[in-house]
Amino acid sequence: MVKVKVAVNGYGTIGKRVADAVAMQDDMEIIGVSKTRPNFEAAMAQQKGYDVYTLADRVGSFEEAGMPAAGTVEEMVQNADVVVDCTPGGMGEANKALYEKAGSKAIWQGGEDHELAGCSFNANSNYEKALGRDFVRVVSCNTTGLCRVISPLDREFGIKKVRVTLLRRSADPGDIKHGPINAIVPSPIKLPSHHGPDVKTVLPQIDITTTAVKISTTLMHLHTVNMEFTGECTAKDVEDVLGKQPRIRFVGQGITSTAEVMELARDMFRPRSDMWENCVWNESISMYEGELYFFQAIHQESDVIPENIDAIRAMMEIETNAEKSIAKTNKAMGI
Ligand code: NAD
């Protein structure tokens, strides 16, 4: 089988995970990753066998550090069928001309605007929209987590409206620039938050409003989800639908916090203690005066990773069926 050639531009929190997930698949391969500095992450990437590329004006610094780069980002992009752009939010836009010039397809992450790619993606919600496309944006960790629960419930019962409060981690665990904070920060103060409109880039038919608060944790986000349906359903019906979803894990058995969810991921020997699935407390699923409530925890560093894999398959049309791609990705990653 000819494998799809994938390059990862920006080997940080998301990029390194995308690279490893691509390497686990049998229908795609990593042809290079890019780093701006010859640091420990670049060294680890080389140790794993990835070709590490860098910006043209940084080639010398890699030489000096004794870890020569495989070439420039421009050269890497030219050799790729698909570039997964994982540069910091807002920086990916500047790379569009590079991808267009090289004739390579590109995937951006949730830190970029919908308009950049013109197609915002969640595998279980709108896989077919990405079929054959040159540019796709995989939505953010929070939007991914919300689409995964909204889509199947809308398909099954019809959603009248969704209201969500997001408790957001203030920084990623390895981030020394943004956290930890000793505060609870309404984020943003001006309501509603951008997360609702972002869900609508994938599911335009959904009436959704969100509020968000940053809290002093690095582990995970937590969502309090409230929904009203057009059709009749019970808490048990909702549990049955969510329980059948390929990227939703029910948590219980004494797990009462995000810390314990992460401990579970460590016990499962998940790489980097990643939790690729939404973790829904099924005990929390309740109907009150006709409205649904539940809690879910979202691992911000990893839930978008399998979605990137499915986006590659859809764009390259090596699998045109969403369920089959999701099942293939999940099997390869051990979800
Ligand atoms: P990050 O800062 O951890 O990693 C970005 C990487 O890109 C770093 O290695 C940086 O050195 C490199 N880089 C910077 N400028 C570059 C350039 N010009 N060319 C090539 N590489 C460059 O960022 P991240 O958290 O992985 O975020 C990447 C994207 O994923 C953003 O759009 C972000 O919004 C989105 N995202 C992040 C999270 C999360 O929780 N971290 C979750 C979902 C989506």
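Numbering-wise, the sequence shown is residues 138 to 472 according to this note's numbering. Glycine included, each C-beta is placed from N, C-alpha and C at the ideal position.
Mind checking whether the beta-carbon of residue i lies closer than 7 Å to any heavy atom of ligand 1?
i	result
residue 313	no
residue 172	yes
residue 225	yes
residue 209	no
residue 253	no
residue 278	yes
residue 192	yes
residue 437	yes
residue 249	yes
residue 352	no
residue 148	yes
residue 228	yes
residue 321	no
residue 152	yes
residue 183	no
Work out the CA separation of residue j and residue i for me, nearest whole Å.
i	j	result
residue 417	residue 380	9 Å
residue 277	residue 371	30 Å
residue 433	residue 184	36 Å
residue 425	residue 365	10 Å
residue 280	residue 336	6 Å
residue 212	residue 144	11 Å
residue 244	residue 252	13 Å
residue 321	residue 354	10 Å
residue 463	residue 165	15 Å
residue 214	residue 468	28 Å
residue 406	residue 471	11 Å
residue 435	residue 163	27 Å
residue 401	residue 142	34 Å
residue 387	residue 246	26 Å
residue 228	residue 275	15 Å
residue 459	residue 148	27 Å
According to the Cβ coordinates, are residue i and residue j closer than 8 Å?
i	j	result
residue 345	residue 333	yes
residue 411	residue 438	yes
residue 375	residue 429	yes
residue 367	residue 297	yes
residue 349	residue 305	yes
residue 210	residue 146	yes
residue 398	residue 361	no
residue 170	residue 293	no
residue 415	residue 385	yes
residue 204	residue 175	yes
residue 393	residue 357	no
residue 466	residue 268	no
residue 226	residue 249	yes
residue 391	residue 420	no
residue 408	residue 157	yes
What residue range is occupied by the uninterrupted alpha helix (DSSP H) comprising residue i?
i	result
residue 217	No alpha helix (DSSP H) contains residue 217, which DSSP labels as neither H nor E.
residue 433	Looking at the DSSP string, residue 433 is not in any alpha helix (DSSP H); the run it does join, the beta strand (DSSP E), is 428 to 435.
residue 294	278 to 294
residue 146	Looking at the DSSP string, residue 146 is not in any alpha helix (DSSP H); the run it does join, the beta strand (DSSP E), is 141 to 146.
residue 441	First-last for residue 441: undefined, no H or E at that position.
residue 199	196 to 201
residue 181	177 to 185
residue 154	150 to 160
residue 380	372 to 380
For the beta strand (DSSP E) containing residue i, list its first residue and its last residue.
i	result
residue 236	Segment 233 to 239 is the alpha helix (DSSP H) holding residue 236; no beta strand (DSSP E) there.
residue 417	415 to 418
residue 365	358 to 366
residue 473	Any answer about residue 473 is impossible in this case: the structure gives the chain only from 138 up to 472.
residue 355	No beta strand (DSSP E) contains residue 355, which DSSP labels as neither H nor E.
residue 248	Looking at the DSSP string, residue 248 is not in any beta strand (DSSP E), and its letter there is neither H nor E.
residue 169	165 to 171
Check the C-beta distance from residue i over to residue j and give it rounded, since I have them as a contact under 8 Å.
i	j	result
residue 159	residue 151	12 Å between Cβ atoms; not a contact.
residue 318	residue 307	5 Å
residue 326	residue 299	Between residue 299 and residue 326 the Cβ distance is about 22 Å, and since that is not below 8 Å, they are no contact.
residue 382	residue 323	Incorrect: roughly 31 Å between the Cβ atoms, too far for contact.
residue 258	residue 448	5 Å
residue 232	residue 224	7 Å
residue 242	residue 219	5 Å
residue 442	residue 155	6 Å
residue 339	residue 262	5 Å
residue 273	residue 452	6 Å
Are any of the Cβ atoms in chain B nearer than 8 Å to that of residue i?
i	result
residue 329	Absent from the structure is chain B; it holds one protein chain and no more.
What do you reckon, is the C-beta of residue i under 7 Å from a heavy atom of ligand 2?
i	result
residue 415	Absent from the structure shown: ligand 2. Ligands present: ligand 1.
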